[in-house]
Every structure is written in structure tokens, then in C-alpha cells.
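Take a look at the structure set out below.
Number of protein chains: 2
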Amino acid sequence: MQPTQINGHRADGGYCLIVAQDLPSLYRLGIVGSSQIARMMHQSAVKLGITPRLFAERYDDSAAQAAPEAVFHHPDSLASFAEDCEVLTFEHERLDMGLLQAMEENGALLRPGTKTLRAAFDKLHQRLILRNRGFNVPAFAQVRGPDDLLDFASAYGFPLVLKSVRAAPPGGRGVWIVEGRSQAMRVLAEHGEQELMAEEHQQIIKEIVVIVVRRPGGNSRCYPIAEVSSQDGIAREIRAPADLGNRLAAEARDLAKRLADDLDAVGVLAVEMFLTTEGLVINELAARPHNAGHFTIEGTPTSQFENHVRAVLDLPLGPTWSLAPAAVTVNVLGTIDGVDPAQHLPDALIIEGAHIHLYGKIPRAGRKLGHVTVLSDDMDQARELARRADAALHGRRPL
Amino acid sequence: MQPTQINGHRADGGYCLIVAQDLPSLYRLGIVGSSQIARMMHQSAVKLGITPRLFAERYDDSAAQAAPEAVFHHPDSLASFAEDCEVLTFEHERLDMGLLQAMEENGALLRPGTKTLRAAFDKLHQRLILRNRGFNVPAFAQVRGPDDLLDFASAYGFPLVLKSVRAAPPGGRGVWIVEGRSQAMRVLAEHGEQELMAEEHQQIIKEIVVIVVRRPGGNSRCYPIAEVSSQDGIAREIRAPADLGNRLAAEARDLAKRLADDLDAVGVLAVEMFLTTEGLVINELAARPHNAGHFTIEGTPTSQFENHVRAVLDLPLGPTWSLAPAAVTVNVLGTIDGVDPAQHLPDALIIEGAHIHLYGKIPRAGRKLGHVTVLSDDMDQARELARRADAALHGRRPL
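Protein chains in written order, with this note's numbering: chain A, 1 to 399; chain B, 1 to 399.
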């Protein structure tokens, strides 16, 4: 057991540092990605005595700061990284599916596998699979140019939704609601280099996320359903359980479980749904722990991160029930004035019962820098405290 | 922001690897020590967006495995380590008090400071302070040789307690209950190179630990009192709250708080007490998060680790109330057959509601390799589940 160490410079000029240690862990887990989702996965694995390796982008990424086994990579080195891991899991969807497919064919154990990842990675492919299997999705069409768009608009009218087929980069935008022809052409002119698709605009009553976690054998569990309030396309506040009623909640859970089975999902599958005037419609999938599930850290006996780690290592899943009647999470977002919430930590920690999580990220407008969760017997009280803590982290008096 | 890296070999032949990164943390916290207590402190700091540096002994120590900012040190380098930290805190009591004193005089911010550390470091000094300030301690005397011992025995009789004045090394033994003269002489012959002391043997009804956490200004909070069941001098099972009755519980809490104030403690002060036929007697002090407080991770809104980090950084303390009527922690100890509990993780994770923590340590007999906490409405049920999970981790069927 000697630390091995390789240093070098990446082709793009970035610094590359590899500290690989042969630690006495039975479970050699590799995590692809290094933002806060990977950071919280890492923390959960450490609790179980497992030190995962991270395939990180930068040494100061949120997860790389908190993990000694971080490899600051050249993207091409993923296959060799995988050789040092028994199981590889993923924090995001910005993946080279061709490479992953080849790795899987060569025997790499990807959890989830490419069948699931492809559905999260490519929204057009996802819509096709879902529709073919009888799941409820909005009307959609590929948009290769103005003609496709105008055809779709003449069938479904404006407003309509234009979407990037691939997952947006962190902080990037991938969804535009366009009100008419000229706005549609503008988006197309600006973003036409991406693969785009059009979708029918939904009358959204609620946005919910159903988080299901599934083991390779098929055993799965569902978390309390989360209800999301977004602003400018960014989730601001998450409440659990969602205010849905028993029948709809059961339908949503059933839908998510069937989908997880259908896609052979392993680990967390987060199913974003809209409740519309016409019922539940699937919006998006994420094949990883989801921002809307941060409440599970304090709000359930086993967080989505721990259960994801358990699932991808094929370990028994932990309970997912609610520990409190109401949980509210507020995302702490960077503001244009560049305030660092870490600077205001003392003001936020005063608020009793607010669980403050900061990710160690450099503040930028709109960037998720942390979150606050409050558990309570009462949803309004939880929300009030969580908002107060968020305001304090921004150096503001409560609203 | 470039990673700095220094490699080298320690004088004693051990490998030394320093990866110091200039991360965007406002709070430059250094932790001296690298076992599981440091590991859990580190996890709590990361949650708050803070990446502490560790002054570690070996790269495969429990905390060093989970922390990128680990410095594998030569003991003499503590002062230079401290220069890179704003605040230094401690995981254990095996410290060079002279060096710390000098560092403190040179302006290093030690939390707790040497006044507190000395009381935890030197049990004879501790007894003297406590007696002088009117706290209830057993009769004691320094033992420089057989004469001191026999004098003490003729005054207080056998059995008596012989103790090492300094904290025992991990897995080492520091307390001997001697039944008579010949056994006493044997202990003296074997351990006489250490500073020893004698104490009157107590009729112990219960062993409890009161964990208080205190900020520099004096603000302090007490956790639910823990009751400890030991076997062969090693804590096996911890139950919270202790079965004490209101009057005694209030007395114990009051005592711990007064002691923390008296010693200017900062961070966690764990006060081990015996309930004897003559009331509460102070047994030992630890100026750091304590093994008996692991239940606070799931059992209270703010773990002892997070509150220790908050306190030493002079941040507001979080709530310390109980989240369940009963919490039981069982320590997972290494057995002589060398079984690695990580190997039996799948069997233990099946037990619903058992929170499994493994420390990534190499199994050795008697070594603390992890712990299991169960919360319940009922103490017996919590204990039953925690024991079952511990048995599973050892590859045994439940008792």
C-alpha cells in the first residue's frame, strides 16, 4: 500500500494531478463528475466506509475539494479511469455515449448502464422510448430547421417549447418558451448549432419530481414526492411531500417505478413530471441523485445519495419514509452582486432548525452554491425558516 | 489557485505527501489527528462549505482517506502546519503540551486552548484543578513508586484504580483495577515507566457522558446525556437519553456546563461521570467530540461534530435536542479473527433503521472499526436492532 502519484499537464493547458491510493476498501466505486451531487455521493459513501474515486474536471470543483481520490482528467482518459473501478456511476448527463457504449461492451460495469443513460442524455430519444411504451408525454418533434418548427407550430400553435436535445451545461440554458414565430426564429438563429426539439406547451398546475432508487435485481423504493417551484427555469424551492392527494401520488409513484423497470435503471432515477389539466405528463429524467431530493438528507432515514451508492454497489436499500410531516429545501443561488454565502454563514446558522449546506463553489449569478433544508410539522413554517436562512446567506434581511 | 505539492520521506521512513490547495474557503480550519473523530469532523465541515486541513499520521488513516487536505506529518512540523490555519483543533489528547503552549504564546489560535487541553491531557492535573474548584472527584494520589501506592492503599484499601496520567494511545490500555498488593506491584513493574496515579475504587451504578459544546464567548449547549455500557474498559453500547431521572440529569448537565466555563472550553467538552452510591463523580474529560456522542449524528438536529466545528470557528451553535425518544449506538469492534465488517455490509444494511458507519480502518482486535445507531420510540427495540446490525457486521447471526 503505497500512494502512487502521477502529475502532468493537460493538452488544454490545465493542470492534471492524480493521487491514486490503494486503500483498503472492498468497493472500488468511481464517480464521473465533481460538482455538488458527486460531493454528497462521496460523503455518503465515506459514511459506509467506502472511498470512491472521482473523475473530476477541476481540482477546485465542489466534490474534488472534499475527496482525496480525485483524478483531474483529460476527457479521453475515462476508459483507463474505469479500469481502476469495479463500478462506475455518474453525476451528470454530459457524457460521450459512444465511448460509454464501447466501455460497456468491453466489460466495464456502468451503473446506470447506457440503456438508462441514453434516455437521460438525449431528450428526443427519451420522448420516443416513452411514447412507444405508452407513457404520457407532450407532443414533440425534432427541429432540424425552420421548416420543422413551423410545421410543429401549425399543428400545435404558439406558445410552444423549444428544447436542446442534450442536457445543458451547468448554468447553461436548454429550454425556451417561445410565444410566436419571430421569437422562435430568433432562438433557432442563436441556438441552431445544437440539436433542438419542439414540444407542445403545457398548462402546468404543478411541477413534481418522483425519486425512485433501484437495485440491479429490480428491487426499488420511492421517496416522498417533491414539489418544485421554479423561477426563470431554475428550481428555487422544493417541498415534500407534494400537495397532490393520494390517488395522484400513487399514480406518480407507480409511473416512476414502471419507468425505472422499463429502463433497467440502477441507482436513483429522478422523474420530473408536470401535473397538467390533462393529468401527469413526464417532463424529464435524470439518472442520478436530483437537486429536488436534497431534502432526503435530513428528511428521510437514508438520503438519496446513500441509497444511490447502495444501489450501484448492489447493496440493500435503506428506508425512504418521511421523518417529518413537512420538508422544505431552498436552493442558495449566486446573485449578480457576487456575494459569497460563506461570508454570511454566521447570520444563517443563527436560524434554529435550518440545515445549511454550502458546496464550496465560487459565486456566480444563478449558480447553485448551496441549499437549506428545514423540517417541520407545518409546511408554511418550514418554508418561512428556509427562506429566512437563504436571505441571511445573501446578506439580506428576511422578506 | 494552483495546487502546490511537496513529496518526501519522513525521518522515520514513513511516506510523506502534502497536497495543499488554495481553496476558496473563508475558514481555514486545521484538525490535528486523523482517526474517525477527525473524519466525522471533516464531513461536518464539508457540509458547511469548509474544507479543513488534517494533520494526519498516515495516509491510510481513517480521516486521511476521506480528506484531500491531509498532511502526513513529521510530529515536529505542527507549528508550521498551524501557520497555514486560522484555527487549530484537536481529535485526541496525545499532544506535546510544551509545544502547544509555545505556539499559543506565539499567537496560534488553538481551540480549545492549552488551559482546557492540559486538563484533558494530564489526569493528575485534571483531578487537582477539579478538586480545587469544588467538583466531586474520587480520592487520588500520584504514584511515583511502590511507596506512594502502598500509602494510598493503606488509606483507601483494595480494590483500587491505577491509571496512566496521560491519555492511552488508540487501542492501548490506561486503567487497571487492582484487587490487591501483588497485582498492584505487577502493574507497577510493567507500566512504571509511565506516569501513574491511584484512585479510590468507586461503586459504580452507571457510567454517563455529558457532552457540552461551548463557543469562545461562553455560549454553550448540552446534548441529551448518554449512558455507556462498557466491557473490558471499552465502551460497547451507548444509550441516549440516560435513564437518570430529571433531578440527576439536571445536576449532571449543570456540572458539565460549569466545568466547561471553568476551563474556558471551546468546542465539545465531553464529561465522563460515574453515578455512584455517593452521587455523581467526574471520571474523565475529553476536549473533543466523544465516542459516546455518535448518536448525535442521526439523533439530534446538529451533530456533536458539526457543533464542534461551529464552536471552534466561533459560529452560532445548532440545536441539540433529541429527534427520537430513544437512541442506541453500538461500537463495531475488531475481533481476534480479523473479520472486516466491510465484508458483511450487505448483511447489516438489510436491517431497516440501522444507521451503519464504517471508518475504513484495517481490522484489529478491539479496534473501533465503526458504529451503528438506531433511533426508536422504544429503547429496547433500538438496542435489539443495533445489536443485530453489529452481529451482522461480524458475520454472526443475531444473539
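Glycine included, each C-beta is placed from N, C-alpha and C at the ideal position.
Neighbour list for residue i in chain B, Cβ cutoff strictly below 7 Å
{"i": "G49 of chain A", "result": "A342, L358, Y359, G360 and G370"}
{"i": "P319 of chain A", "result": "E352 and G353"}
Within-8 Å CB hit, residue i to chain A
{"i": "Q36 of chain B", "result": "no"}
{"i": "V46 of chain B", "result": "yes"}
{"i": "L333 of chain B", "result": "no"}
{"i": "L385 of chain B", "result": "no"}
{"i": "P216 of chain B", "result": "no"}
{"i": "Q43 of chain B", "result": "yes"}
{"i": "A392 of chain B", "result": "no"}
{"i": "L349 of chain B", "result": "yes"}
Nearest to residue i (by Cα), restricted to the options the options
{"i": "S481 of chain A", "options": "A:K47, A:G33, A:L29 and A:S34", "result": "Outside the shown range of chain A (1 to 399) lies residue 481 of chain A, about which nothing can therefore be said."}
{"i": "V210 of chain A", "options": "A:L315, A:A198, A:G217 and A:T320", "result": "A:T320"}
{"i": "V459 of chain A", "options": "A:E105, A:L393 and A:P316", "result": "Residue 459 of chain A falls outside the range modelled here, since chain A spans only 1 to 399, and no answer is possible."}
{"i": "L269 of chain A", "options": "A:L54, A:F140 and A:V309", "result": "A:V309"}
{"i": "I225 of chain B", "options": "B:G49, B:V328 and B:R236", "result": "B:V328"}
{"i": "L95 of chain A", "options": "A:S77, A:A348 and A:R181", "result": "A:S77"}
{"i": "A250 of chain B", "options": "B:L280, B:T276, B:E237 and B:K368", "result": "B:L280"}
{"i": "E193 of chain B", "options": "B:R144, B:A252 and B:R253", "result": "B:R144"}
{"i": "L275 of chain B", "options": "B:L88, B:A252, B:R133 and B:M40", "result": "B:A252"}
{"i": "P216 of chain A", "options": "A:E272, A:L109 and A:L150", "result": "A:L109"}
{"i": "R221 of chain B", "options": "B:E306, B:L349 and B:Q202", "result": "B:E306"}
{"i": "C200 of chain A", "options": "A:N219, A:R247, A:I238 and A:A155", "result": "A quick correction: the sequence has Glu, not Cys, at residue 200 of chain A. Residue A:A155 is the option with its Cα nearest to E200 of chain A."}
{"i": "M40 of chain A", "options": "B:D340, B:R28 and B:A66", "result": "B:A66"}
Beta-bridge pairing of residue i - partner residues as DSSP gives them
{"i": "E227 of chain A", "result": "A:I208 and A:R239"}
{"i": "G370 of chain B", "result": "B:V332 and B:L358"}
{"i": "K163 of chain A", "result": "A:V175 and A:M197"}
{"i": "I282 of chain B", "result": "B:M273"}
{"i": "C222 of chain A", "result": "A:V212"}
{"i": "L323 of chain B", "result": "Beta-bridge pairing links L323 of chain B to no other residue."}
{"i": "V46 of chain B", "result": "In the DSSP output, where bridge partners are listed per residue, V46 of chain B has none listed."}
{"i": "L88 of chain B", "result": "B:G30 and B:L110"}
{"i": "A265 of chain B", "result": "For A265 of chain B, which the question treats as bridged, DSSP gives no partner whatsoever."}
{"i": "Q203 of chain B", "result": "In the DSSP output, where bridge partners are listed per residue, Q203 of chain B has none listed."}
{"i": "V143 of chain A", "result": "A:L196"}
{"i": "L375 of chain A", "result": "A:A327"}
{"i": "I37 of chain B", "result": "According to DSSP, which records beta bridges pairwise, I37 of chain B is partnered with nothing at all."}
{"i": "D122 of chain B", "result": "B:R166"}
C-beta neighbour in chain B for residue i, strict 8 Å
{"i": "A66 of chain A", "result": "yes"}
{"i": "R310 of chain A", "result": "yes"}
{"i": "L23 of chain A", "result": "Residue placement at L23 of chain A is poorly supported in this model, since its pLDDT is 46, which falls under 50; the coordinates still yield a value, given next. By this cut-off, L23 of chain A is an interface position."}
{"i": "L109 of chain A", "result": "no"}
{"i": "P346 of chain A", "result": "yes"}
{"i": "P434 of chain A", "result": "Because chain A is modelled from 1 through 399, residue 434 of chain A falls outside the range shown and cannot be assessed."}
Own chain partners of residue i with C-beta closer than 7 Å, once the 5 adjacent residues on each side are dropped
{"i": "T296 of chain B", "result": "Y223, S303 and Q304"}
{"i": "A265 of chain A", "result": "P112, T116, R214 and A287"}
{"i": "H125 of chain B", "result": "R118 and A119"}
{"i": "L23 of chain A", "result": "Since pLDDT at L23 of chain A reaches only 46, below the 50 mark, its modelled position is unreliable, and the value read off the structure follows with that caveat. These residues qualify, in order along the chain: T51."}
{"i": "D347 of chain A", "result": "A392"}
{"i": "A342 of chain B", "result": "L358"}
{"i": "P241 of chain B", "result": "P224, I225 and S322"}
{"i": "V175 of chain B", "result": "V161, K163 and G233"}
Test: residue i CB closer than 8 Å to a CB of chain D
{"i": "A70 of chain A", "result": "Reference to chain D is not applicable here, since the protein chains of this structure are A and B."}
6 Å CB neighbourhood of residue i in its chain, flanking five on each side removed
{"i": "E57 of chain B", "result": "S34"}
{"i": "Q101 of chain B", "result": "T114"}
{"i": "I177 of chain B", "result": "P159 and V161"}
{"i": "E284 of chain A", "result": "E272"}
{"i": "I208 of chain B", "result": "I225, E227, A242 and M273"}
{"i": "R397 of chain B", "result": "none"}
Contacts that residue i makes with chain A (C-beta to C-beta distance below 7 Å)
{"i": "L29 of chain B", "result": "Correct list: empty, because the minimum Cβ distance to chain A is about 13 Å."}
Within chain A, the residues that residue i reaches when beta carbons sit closer than 9 Å
{"i": "P301 of chain B", "result": "E298, E352, G353, H355 and L375"}
Residue i beta carbon near the ligand MG (any heavy atom closer than 7 Å)
{"i": "V330 of chain B", "result": "This structure does not include the ligand MG; it has no bound ligands of any sort."}
Contacts around residue i, its chain only, beta-carbon distance under 8 Å, and the 5 residues preceding and following it disregarded
{"i": "L323 of chain B", "result": "E298, G299, T300, P301 and L375"}
{"i": "V137 of chain A", "result": "R127, L130, R131, V281 and I282"}
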